[in-house]
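Letter by letter, the sequence shown follows residues 7 to 56 in the numbering used here. We treat Cβ as the ideally placed atom computed from N, Cα and C, and that holds for glycine.
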Amino acid sequence: MRILSWNVNGIRAAVRKGFLDWFHAEAPDVICLQEIKATPNDLTKDMANP
């Protein structure tokens, strides 16, 4: 089982810097994100369900 934890310091900025590509390349079973600094309404469909 692959578990990853990352303090993203803002999910929208992380996505602009390639987070989704990294996420798909790493293919974790579980991912824990800290400091996302967003509400569910702030997330795009790709961010909410990669």
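In angstroms, rounded to a whole number, what distance separates the CA positions of residue i and residue j?
i: M53; j: M7; result: 23 angstroms
i: T50; j: K43; result: 14 angstroms
How about residue i and residue j: do their beta carbons lie closer than 8 angstroms?
i: V36; j: I9; result: yes
i: F25; j: V14; result: yes
Per DSSP, what kind of secondary structure is residue i in: helix, strand or coil?
i: I17; result: helix
i: L49; result: coil
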